[in-house]
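Student: In my numbering, the protein residues as written are 133 to 340.
The C-beta atom is built at its ideal place from N, Cα and C for all residues, glycine as well.
Just so you know, these numbers come straight off a predicted model, no measurement behind them.
There's a structure below that I have some questions on.
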């Protein structure tokens with residue numbers, strides 16, 4: 133267990149960083165095929181729990197940790213990462229009022245990004261059939277939790293944006309822990325939502 137510093141995500145997909153505490157530090161590598169299973173994006177200053185094996189980097193004779201798994205040292209660390217990303221994107225202007233798009237009062241076609249066989253989607257179909265029986269629902273199925281979820285959500289948003297008569301997009305899933313819902317907090321998802329030419333509504337978790 134320790135704190136991440138000097139985190140770098142290489143174009144190859146590999147991660148390089150230093151794990152440190154008040155007494156020591158060690159260089160770490162996490163290969164692309166392994167870090168695919170990490171559900172969050174590490175940030176400098178985040179405390180994490182790692183498993184792996186110590187190896188030697190031959191050119192320098194330095195010890196390093198070949199990381200095999202990573203998880204946050206408590207939900208507090210995920211909340212810190214969330215707040216840091218929120219500040220960053222706020223300073224870029226992604227949340228400015230003038231960027232918001234008008235939600236149509238009576239949409240003809242609604243695009244939905246969610247799991248294709250989830251309770252959230254079934255609930256949405258039920259409500260739509262009861263309140264707006266003429267509206268068309270178009271699902272762009274996506275993994276909403278775990279490995280590859282953020283990338284799948286982005287892909288579905290982009291695919292719906294290619295369809296000209298979609299009036300609004302709803303991104304939806306049921307409730308869960310902060311860890312379960314983390315894919316929706318990933319930077320690539322926020323940027324995809326901000327870049328969407330179609331108005332977008334978030335319906336994630338039971339409180340939304």
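I'd like the span of the beta strand (DSSP E) that includes residue 230, first residue to last.
Tutor: Careful: residue 230 lies outside any beta strand (DSSP E) and carries neither H nor E.
Student: Using DSSP's beta-bridge definition, name the partner residues of residue 180.
Tutor: Note: residue 180 sits in a beta bridge opposite 134 and 204.
Student: Can you look up residue 218 in the DSSP assignment and give me helix, strand or coil?
Tutor: Reduced to three states, the DSSP call for residue 218 is helix.
Student: Where does residue 305 land, buried or exposed, given buried means 16+ other C-beta within 10 angstroms?
Tutor: By the 10 Å Cβ count, residue 305 comes out buried.
Student: Compute the beta-carbon to beta-carbon distance between residue 279 and residue 168, rounded to the nearest angstrom, for a pair I have assumed lies under 8 Å.
Tutor: That belief holds up - the Cβ atoms of residue 279 and residue 168 are roughly 6 Å apart, short of 8 Å.
Student: If you draw a straight line from the alpha carbon of residue 275 to that of residue 303, how long is it in whole angstroms?
Tutor: Computed Cα separation, rounded: 12 Å.
Student: Between residue 330 and residue 292, which are expected to be in contact by the criterion C-beta below 8 Å, what is the C-beta distance as a whole number of angstroms?
Tutor: 7 Å between Cβ atoms; contact.
Student: Check each candidate in 325, 205 and 212 and name the one with the smallest Cα separation from residue 226.
Tutor: The shortest C-alpha separation from residue 226 is found at 325.
Student: Ignore the nearest five residues each way along the sequence and tell me which others in residue 151's own chain have a CB closer than 6 Å to its CB.
Tutor: The answer, listed in chain order, is 134, 158 and 160.
Student: Leaving out five residues before and five after residue 333 in sequence, what residues of the same chain have Cβ atoms less than 6 Å from its Cβ?
Tutor: If we look at residue 333 and ignore the five residues flanking it on each side, its Cβ neighbours are 302.
Student: Would you mind sorting residue 156 into buried or exposed? The rule is 16 or more other CB atoms within 10 Å of its CB.
Tutor: Exposed: under 16 other Cβ atoms inside 10 Å.
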